[in-house]
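A.B. asks: Would you mind keeping the following structure in view while I ask a few things?
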Amino acid sequence: MVETVCSMFPNIPPAAVQYDLQKTGSVEVTCDNVLQNGGLPLPPPNVVASFTIPSTTQASTSSTGISTSLTQQSLIEKYKLQDAVKRGLIPPEPPKKWEATAEKRQELLQWKKDAMVLQARERYLEKQKKKQKEEIEAKTKNNSDFSASCQPQSINLNNTDKEEVVTLEPEVKRRQILQTTERKWKKDV
Numbered sequence: 159m160v161e162t163v164c165s166m167f168p169n170i171p172p173a174a175v176q177y178d179l180q181k182t183g184s185v186e187v188t189c190d191n192v193l194q195n196g197g198l199p200l201p202p203p204n205v206v207a208s209f210t211i212p213s214t215t216q217a218s219t220s221s222t223g224i225s226t227s228l229t230q231q232s233l234i235e236k237y238k239l240q241d242a243v244k245r246g247l248i249p250p251e252p253p254k255k256w257e258a259t260a261e262k263r264q265e266l267l268q269w270k271k272d273a274m275v276l277q278a279r280e281r282y283l284e285k286q287k288k289k290q291k292e293e294i295e296a297k298t299k300n301n302s303d304f305s306a307s308c309q310p311q312s313i314n315l316n317n318t319d320k321e322e323v324v325t326l327e328p329e330v331k332r333r334q335i336l337q338t339t340e341r342k343w344k345k346d347v
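If you use the working numbering, the sequence shown closes out at 347, no skipped numbers anywhere.
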């Protein structure tokens with residue numbers, strides 16, 4: 159019975175299916191529970207250890223695990239395009255025609271896939287280069303703005319209105335006060 163429900167709902171853990179089947183005693187009720195609730199609650203931890211998973215379910219779970227790891231493989235590796243990437247080769251757009259034999263059509267389809275993957279990779283790399291360039295330009299601009307703001311400015315606070323001092327940037331205001339204090343100190347010494 160567990161195998162039947164697991165074959166209908168492969169994303170539901172077998173332990174949860176078996177636990178629900180023990181409670182309900184019916185495949186139909188368990189299926190209704192899955193459909194109504196969007197899944198089944200997992201059994202308590204002490205109950206999970208007592209479940210034995212059937213061998214067919216283990217095989218389907220392991221095959222699912224294998225397919226998951228294959229989907230995480232890069233397209234460059236999947237289509238064996240490492241040589242084309244190393245050489246910087248981007249194949250031209252394949253001709254848009256219908257081939258007479260299935261083998262030729264398959265070759266043309268593979269050519270299109272390869273071209274699409276390599277073109278997408280190239281667009282991605284260009285986008286990354288552009289993003290890095292913009293980040294570097296922004297950092298350079300920020301550094302040049304900061305260094306320009308740190309240049310000594312000789313402004314006499316004695317001739318500056320109080321309103322002007324209030325509207326100044328804090329760093330500029332600090333520098334002006336420091337310069338004024340230094341001038342007064344030099345006069346006193």
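Here a beta-carbon is modelled for each residue, glycine too, at the ideal position from N, C-alpha and C.
So what does DSSP say about Ile-170, is it helix, strand or coil?
C.D. replies: By 1-based counting over the sequence shown, the position of residue 170 is 12. Looking at Ile-170 - three-state DSSP - the assignment turns out to be coil, as it is neither helix nor strand.
A.B. asks: Glu-251 by DSSP, collapsed to three states: which one?
C.D. replies: As a working note, residue 251 is residue 93 in the sequence shown. In the structure shown, Glu-251 sits in coil (DSSP, three-state: anything other than H, G, I, E or B).
A.B. asks: Between Asp-178, Glu-295, Val-275, which has its C-alpha nearest Lys-236's C-alpha?
C.D. replies: Here residue 236 refers to the residue found at position 78 of the sequence shown. Ranking the options by Cα distance to Lys-236, first place goes to Val-275.
A.B. asks: For the alpha helix (DSSP H) containing Leu-198, list its first residue and its last residue.
C.D. replies: The residue labelled residue 198 in the question sits at position 40 within the sequence shown. Neither: Leu-198 is in no alpha helix (DSSP H) and is coded neither H nor E.
A.B. asks: Can you give the beta carbon distance from Ala-173 to Pro-199, rounded, assuming they're within the 8 angstroms contact cut?
C.D. replies: In the sequence shown, the residue the question calls residue 173 occupies position 15. In the sequence shown, the residue the question calls residue 199 occupies position 41. Rounded, the Cβ-Cβ distance is 11 angstroms, inconsistent with contact.
A.B. asks: Pull up the CB-CB distance for Val-160 and Gln-176, whole angstroms please, since I reckon it's below 8 angstroms.
C.D. replies: In the sequence shown, the residue the question calls residue 160 occupies position 2. In the sequence shown, the residue the question calls residue 176 occupies position 18. Val-160 to Gln-176, Cβ: 5 angstroms. Contact.
A.B. asks: What three-state label does DSSP hand Ala-296 in the structure shown?
C.D. replies: Here residue 296 refers to the residue found at position 138 of the sequence shown. Here Ala-296 sits in helix by DSSP.
A.B. asks: Keeping to the same chain, check which residues put their C-beta closer than 8 angstroms to that of Trp-256; ignore five residues upstream and five downstream.
C.D. replies: Translated into the one-based positions of the sequence shown, residue 256 becomes position 98. Cβ within range, chain order: Arg-263.
A.B. asks: Which one of Phe-167, Glu-186, Arg-245, Leu-336 has the shortest CA to CA distance from Gly-196?
C.D. replies: Start at 1 with the first residue of the sequence shown, and residue 196 comes out as number 38. The candidate whose alpha carbon is nearest that of Gly-196 is Phe-167.
A.B. asks: Given this structure, state the Cα-to-Cα distance separating Ala-207 from Gly-246, to the nearest angstrom.
C.D. replies: Along the sequence shown, read from residue 1 onward, the residue named residue 207 stands at position 49. Along the sequence shown, read from residue 1 onward, the residue named residue 246 stands at position 88. Legend: pLDDT at Ala-207 = 48, less than 50; position of this residue unreliable, no value from coordinates given.
A.B. asks: Between the alpha carbons of Lys-345 and Thr-339, how many angstroms are there, rounded?
C.D. replies: Here residue 345 corresponds to residue number 187 of the sequence shown, with the count starting at 1. Here residue 339 corresponds to residue number 181 of the sequence shown, with the count starting at 1. Near 10 angstroms, if we compare the C-alpha coordinates of Thr-339 and Lys-345.
A.B. asks: Over the uninterrupted alpha helix (DSSP H) stretch that includes Thr-338, give me the two end residues.
C.D. replies: Along the sequence shown, read from residue 1 onward, the residue named residue 338 stands at position 180. Here the alpha helix (DSSP H) through Thr-338 covers 328 to 346.
A.B. asks: Give the range of the alpha helix (DSSP H) segment to which Gln-240 is assigned.
C.D. replies: Within the sequence shown, residue 240 is the residue found at index 82, counting from 1. Residues 240 to 245.
A.B. asks: If you run the structure through DSSP and keep just helix, strand and coil, what is Gln-231?
C.D. replies: Residue numbering aside, residue 231 sits at position 73 when the sequence shown is read from its first letter. DSSP places Gln-231 in coil when its eight states are reduced to three.
A.B. asks: With 16 as the cutoff for other CB atoms within 10 Å, does Thr-210 come out buried or exposed?
C.D. replies: Counted from its first residue, the sequence shown places residue 210 at position 52. Note that Thr-210 scores a pLDDT of 48, beneath 50, so its modelled location is shaky; the value from the coordinates is reported in the next line. With fewer than 16 Cβ atoms within 10 Å of its Cβ, Thr-210 is classed as exposed.
A.B. asks: In angstroms with no decimal places, state the Cα-to-Cα distance between Ser-232 and Glu-295.
C.D. replies: To locate residue 232, count along the sequence shown from 1; it is residue 74. To locate residue 295, count along the sequence shown from 1; it is residue 137. Ser-232 and Glu-295: Cα-Cα distance of roughly 31 angstroms.
A.B. asks: Alpha carbon to alpha carbon, what distance is there between Thr-298 and Gln-277?
C.D. replies: Position 119 of the sequence shown, counted from the first residue, corresponds to residue 277. Position 140 of the sequence shown, counted from the first residue, corresponds to residue 298. Whole-angstrom Cα-Cα distance: 31 angstroms.
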